[in-house]
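Residue numbers (our numbering): 17 to 334.
The beta carbon of each residue, even a glycine, is placed where N, CA and C say it ideally should be.
Below: the structure, in structure tokens.
What follows is the structure, given as structure tokens:
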């Protein structure tokens, strides 16, 4: 009985002291910091509350992504083997603050959804590449964004080729800026082939280690009387199967035989590409169906899968 009365008396004393102490610290409470008042509470002979139960620890949470400037960011890349930082840094940006909200290529808060209702990753890196190549025959500059909107600015000096690359970019959903200066006084061969070489280099760099890619794409694409079948595998094994015959030797200053040379250069990005003409009589329609079809399958293949824990291969690497 004495112990019970002693505990009751202790609780009453503690309640009285807490009331008095709170009334003496209005500034602390007005600032929303009752913890400061609790820390000042004197301990009695009984009913003493340990300090560890009164003071809440402050959490120091650091983001793995740090804003640099103008929407650029750097993020340490973790080793695939042991999870330790390798010191390597990635740079990129979308023109907006990283993590500012929903949108492609930007990381938001983990667990939130983007505008399409898909779970947003904590830190997505836009797959952008800029490069240039100079030879005695051509000078080519390329900017490529795999996670773009299909917007293109192309200037090669060959009107029909510009039209085809713009269609390819649009159907691939790739933002493309390409400028080419070539020895067109000789013929368009070097310019067309070298554009394929530079685009292949840009694609290979943008695809990086190919983790989480859908990898495959296929399309059956009509263009009026023409019908083209295209299949793609981002296999890291360059291979082209070209089964297309155009009735005309050239379209708008573009030699139709150069379409095969362009795609033979493009597959050096590590693509296995099959292109087959099923029907067609108009060379313009045939080539336009080809470029749009290749763009269509590339869009499918470079898409990030919902289960992107690794590389889509039985070998584990590509």
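- Measuring C-alpha to C-alpha distances from residue 211 to each of 190, 240 and 178 identifies 178 as the nearest.
- Contact check for residue 160 and residue 318: beta-carbon distance about 11 Å, past the 8 Å limit, so the pair fails to qualify.
- Three or more Cβ pairs closer than 8 Å define a contact, and the region 284-294 meets that threshold against the region 250-270.
- Within the model, the alpha-carbon separation for residue 225 versus residue 215 is close to 17 Å.
- The residue among 145, 185, 204 and 171 with its C-alpha nearest the C-alpha of residue 223 is 145.
- Remark: C-beta atoms of residue 299 and residue 271 do not approach each other more closely than 8 Å.
- Residues of the same chain with a CB within less than 8 Å of the CB of residue 183, apart from the 5 flanking positions on each side, are 304, 307, 308 and 311 in chain order.
- Considering only 276, 266, 203 and 228, the residue with the shortest C-alpha distance to residue 154 is 203.
- Taking all protein chains in view, the Cβ of residue 265 is surrounded by fewer than 16 other Cβ atoms within 10 Å, so the residue is classified as exposed.
- Residue 191 is positioned such that its CB atom lies closer than 8 Å to that of residue 165.
- A Cβ-Cβ distance of about 5 Å is found for the pair residue 195 and residue 171, placing them in contact under the 8 Å criterion.
- Between the alpha carbons of residue 245 and residue 283 lies a gap of roughly 17 Å.
- Between residue 297 and residue 241, the C-beta spacing is below 8 Å.
- The alpha carbon of residue 193 has as its nearest neighbour, out of 180, 278 and 157, the alpha carbon of 157.
- DSSP, reduced to helix, strand and coil, places residue 321 outside both helices and strands of the structure shown, so it counts as coil.
- Contact between residue 279 and residue 208 fails: their C-beta atoms lie close to 10 Å from each other, not under 8 Å.
- Rounded to the nearest whole angstrom, the C-alpha separation of residue 235 and residue 321 is 19 Å.
- With distances taken between CA atoms, residue 292 lies nearest to 237 out of 232, 237 and 217.
- Within its own chain, the residues whose Cβ lies closer than 6 Å to the Cβ of residue 301, once the five positions on either side in sequence are excluded, are 239, 240 and 242, listed in chain order.
- Annotated three-state conformation of residue 299 is helix, per DSSP.
- The beta carbon of residue 167 is closer than 6 Å to those of 191 in its chain, skipping five residues each way along the sequence.
- With fewer than 16 neighbouring CB atoms inside 10 Å of its own CB, residue 259 falls in the exposed class.
- The shortest CA-to-CA distance from residue 142 to any of 150, 151, 201 and 221 is the one to 221.
- If you look at residue 249, you'll find it in the beta strand (DSSP E) that goes 242-249.
- Within 10 angstroms of the beta-carbon of residue 295 lie fewer than 16 other beta-carbons, which makes it exposed.
- Residue 258 has 291 as its beta-bridge partners, per DSSP.
- Nearest in C-alpha terms to residue 152, of all of 174, 219, 185 and 206, is 206.
- Residue 207 carries a helical assignment under DSSP once its states are collapsed to helix, strand and coil.
- The residues 258, in chain order, have a CB closer than 6 Å to that of residue 276 in the same chain once the five nearest residues on each side in sequence are set aside.
- By DSSP's assignment, residue 158 forms a beta bridge with 147 and 194.
- By the Cβ neighbour-count rule, residue 315 is buried, with 16 or more other Cβ atoms within 10 Å of its own.
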